[in-house]
Amino acid sequence: MQFCLMLISTLAVSHFASIAYSQQATERTPAQLSESREQWRMLYVGGKNIGYVHNAVNTVDRDGRQVVVNQHASVIADTHTKIMIQTEETIDGDVLFFRYQVQNRPSITTRKEGRVVDGQLQIKTEANGRVATISQDFPLDVKGPAYADRMLLQHPLKANETRTITTFDPRSAKVDTIRFEARDYENTLLMDGTEKRLLHVLVTHSISPTLVFHEFFNEDGESWKTTVPSQDMVVYTTSRETALKPFRDFKIP
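Dropping the structure here:
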């Protein structure tokens, strides 16, 4: 379950929001510099609402340099699990920093942090009271997840188009090649019972090639629905209020 959810979280197209990111931020005044978008999603497995996903992307000014901060949180009520991911990238998509954390019953926390320095990814992992550090080469041509999904928003997929994007997966701290295979527009049932004509796209990841995601995009490249048939999972894009309402009293022990 958690593995599937983390793949969803690192999927580039799952970070769409109501306001598409634009590199025109470089033309704005300092007071207008910060650009942001967010997305709330509801998770269903076997027809049951088990949790929610929140994604937020903000562009901030740090010492005169624009940094894209990408934050993700998944909450699974049944297992009392909260998964958090944060990545920081340059405006061109170069990865600067990432943090991955899992809080799980009974209060077990796993943390992984990494920073790219001089072409090396320096990773520190804390689990079960133990700390481990490693350093590994980081390919310069690999972009962060915020950059990847920004490109999909700026250049939405078309019917029958196939596209691949190479990005960084914070969960595994590995390079992930994502393949998008668009089919055609079809009437798609949404959470509120209405239908919307959306582009059906099959998505696979090199880090888990047998798991197939079915994404449903509008013409602007925004994801309205995700299904994972092998997990009997459906993920709907919704409002903050709707996503949080069933879990107001949920707390991580």
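With the numbering used here, you'll find the sequence shown wraps up at 1146, consecutive numbering, no jumps.
Where is the CB? At the ideal position from N, CA and C, for every residue including glycine.
This one's a predicted model, so the numbers in the text were calculated from it and none came from an experiment.
Requested in this report: Count the CB pairs spanning the segment 1070-1086 and the segment 1049-1061 that are closer than 8 angstroms, and state whether there are at least three.
Outcome: By the C-beta criterion, the segment 1070-1086 is judged to be in contact with the segment 1049-1061, since at least 3 inter-stretch pairs fall below 8 angstroms.
Report task. Would you mind giving the Cβ-Cβ distance between Met935 and Ala1066, rounded to the nearest angstrom? I have them listed as a contact below 8 angstroms. Result -> That pair is no contact at about 28 angstroms.
Report task. Indicate the three-state DSSP secondary structure (helix, strand or coil) for Lys1051 in the structure shown. Result -> coil
Requested in this report: Determine, using beta-carbon pairs with one atom in the segment 937-957 and one in the segment 1005-1017, whether at least three such pairs fall under 8 angstroms.
Outcome: no
Query raised in the report: Is Pro1139 helix, strand or coil when you go by DSSP?
Result: helix
**Report entry** Start and end residues, beta strand (DSSP E) containing Ile978
**Finding:** Thr974 to Thr983
Requested in this report: Give the single residue among Val1010, Asn997 and Phe1109 whose Cα lies nearest to the Cα of Glu1088.
Outcome: Phe1109
Query raised in the report: Buried or exposed: where does Pro1146 fall if 16 or more other Cβ atoms within 10 Å of its Cβ makes it buried?
Result: Confidence is the limiting factor: at Pro1146 the pLDDT is only 49, short of 50, which leaves the residue's position unreliable, though a coordinate-based value still follows. When all chains shown are included, Pro1146 counts as exposed.
Query raised in the report: Hey, which unbroken runs of the beta strand (DSSP E) at 3 residues or more fall wholly within the segment 1034-1100?
Result: 1055-1062, 1067-1082 and 1088-1098
Query raised in the report: Which word fits Leu900, buried or exposed, when buried means at least 16 other C-beta atoms lie within 10 angstroms of its C-beta?
Result: Since pLDDT at Leu900 reaches only 39, below the 50 mark, its modelled position is unreliable, and the value read off the structure follows with that caveat. With 16 or more Cβ atoms within 10 Å of its Cβ, Leu900 is classed as buried.
Query - Short Cβ contact (8 angstroms threshold) for Gln994 with Thr974 - result: no
Query raised in the report: Any idea which residues DSSP pairs Val961 with across the strands?
Result: Bridge partners of Val961: Thr952 and Glu982.
Requested in this report: Under 6 angstroms Cβ to Cβ from Val988, same chain only, skipping five residues before and after it: list those, please.
Outcome: Same-chain partners within the cutoff: Glu982, Val1009, Gly1037 and Phe1061.
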